[in-house]
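Here the structure is laid out as structure tokens; the discussion comes afterwards.
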Amino acid sequence: MIRALRIVLDGLRGLLIGLAEIVPGVSGGTVALITGVYATLISSASNIIAGLLSGLRGHGRAMLALWASQPWRILIPVLAGMLVGIVTGAALLEPIMSEYPTHTRALFTGLILASLWIPAHMVGRAWDLRLLVVAVVATGASFVLTGLPVITGGSESLWLVAPAAALAVCALVLPGVSGSFLLVILGMYEPTLQAVNSRDFAYLVVFALGALVGLGAFVRLLQFLLSHYRNLTLVVMTGLMAGSLRALWPWQGSKREILSIPADSFTVWLTLFVGVALVAALIAAERIWQRRGAPNFGVNRDAL
């Protein structure tokens, strides 16, 4: 009975992470941290990739031994829940984005705006003039790049699917960073939602391969940067996120040109503030959880 309850709870954790990954501005990494499976997911992902690399080098037994040592009793229900969350979230969001594009972008803008606090706060008292200049430059560069026309979906953009997936999956390593938001910046968010809903397996296979490459390469690179250039990396990340808000500005044309704000925009502003409030609540929950030490929610439960 207890084991069945744990499976259900792990599945619910995965469901929450999957739903978070679908919404730009909500970090699946943050939700994983709050629900207590962050350390397990990151450690297992690193070990699974390491085992795969060993297998490719001809060390099949080492690969199988490493894979067998992973906490699959936790991973399988969490991953299954994530899959259900992603499929469900994609089915719900696509028609909403089509029917209410301005309000949807306003919600996403609020989510990202509040999320800026996370990497900026992690720098703490290390903020100085040099880091401020770096943040301004990163913001300006991101603002210009995200003002470029969106790449449309379809077969002609398949070459971008794998790199986009590789970048998006890195967001799971960094609580506070949204993988879906990275897809929005690249113009791949809506095509990916459509691929999930239409079961476009060619697109999804390419996306999955890109995600694997991202876990194997970029995740280690990010870990290196955060270990050796932590503050600089976080400052650049903050600037990139801030400048990229242009891609989500509610009032924009088909070519991402910024439009004037109409007079009757109260509900749009209200939606934006709802997005801010949601992330603020999530951040507050994470801080409370960290103070409590998250004693019973699955962190390092490999021995269970």
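When you read off a place in the sequence shown, starting at 1, and then add 197, the result is the number in the working numbering. Think of the CB as a built atom: it goes at the ideal place given N, C-alpha and C, for glycine as much as any other residue.
Around the C-beta of residue i, are 16 or more other C-beta atoms found within 10 angstroms, so that it is buried, or is it exposed?
i, result
"phenylalanine 398", "exposed"
"aspartate 325", "exposed"
"valine 465", "buried"
"glycine 286", "buried"
"leucine 508", "Because the chain is modelled from 198 through 501, residue 508 falls outside the range shown and cannot be assessed."
"arginine 302", "buried"
"leucine 379", "buried"
"isoleucine 271", "buried"
"isoleucine 480", "buried"
"glycine 257", "exposed"
"leucine 253", "exposed"
"leucine 456", "exposed"
How far does the alpha helix (DSSP H) with residue i in it reach, from first residue to last?
i, result
"isoleucine 239", "235 to 253"
"proline 388", "386 to 395"
"aspartate 207", "199 to 219"
"alanine 311", "298 to 312"
"leucine 146", "Not covered by the structure: residue 146. The range shown for the chain is 198 to 501."
"serine 377", "376 to 382"
"glycine 512", "In this structure the chain extends from 198 to 501, so residue 512 is not present and cannot be described."
Would you verify that the beta carbon of residue i is, or is not, closer than 8 Å to some beta carbon of chain C?
i, result
"alanine 361", "Although the question refers to chain C, the structure presented lacks it and comprises just one protein chain."
Taking just the CA atoms, how far does residue j sit from residue i?
i, j, result
"arginine 427", "alanine 460", "43 Å"
"phenylalanine 415", "valine 473", "29 Å"
"glycine 282", "serine 240", "22 Å"
"leucine 328", "arginine 322", "11 Å"
"alanine 201", "phenylalanine 421", "38 Å"
"alanine 259", "tryptophan 269", "17 Å"
"valine 496", "tyrosine 235", "Low local confidence applies: a pLDDT of 36 at valine 496 is under 50, so the model's placement there is unreliable, with the coordinate-based value given in what follows. Cα-Cα distance, rounded: 7 Å."
"phenylalanine 340", "leucine 280", "33 Å"
"tryptophan 314", "alanine 477", "9 Å"
"glycine 431", "valine 331", "What sits at residue 431 in the sequence shown is leucine, not glycine. If you take the alpha carbons of leucine 431 and valine 331, they lie about 11 Å apart."
"glycine 208", "isoleucine 293", "26 Å"
"leucine 406", "alanine 444", "26 Å"
"serine 295", "tryptophan 448", "15 Å"
"leucine 442", "isoleucine 219", "17 Å"
"glycine 505", "leucine 261", "Because the chain here runs from 198 to 501, residue 505 falls outside it and cannot be looked at."
"glycine 255", "isoleucine 246", "14 Å"
"methionine 319", "leucine 429", "11 Å"
"leucine 437", "glycine 215", "24 Å"
"arginine 203", "leucine 238", "16 Å"
"glycine 413", "valine 402", "17 Å"
"valine 381", "glycine 233", "28 Å"
"threonine 468", "glycine 307", "8 Å"
"serine 251", "leucine 304", "44 Å"
"alanine 335", "leucine 310", "16 Å"
"serine 375", "valine 366", "9 Å"
What is the C-beta distance between residue i and residue j, in whole angstroms, given that I count them as a contact (C-beta under 8 Å)?
i, j, result
"threonine 435", "alanine 265", "Not a contact, Cβ separation roughly 40 Å."
"glycine 211", "alanine 277", "6 Å"
"alanine 392", "tyrosine 400", "4 Å"
"alanine 408", "alanine 362", "4 Å"
"glycine 411", "leucine 364", "7 Å"
Problem set entry | Secondary structure, alpha helix (DSSP H): runs of 4+ residues fully inside the stretch 404 to 458 | 416 to 425 and 427 to 440
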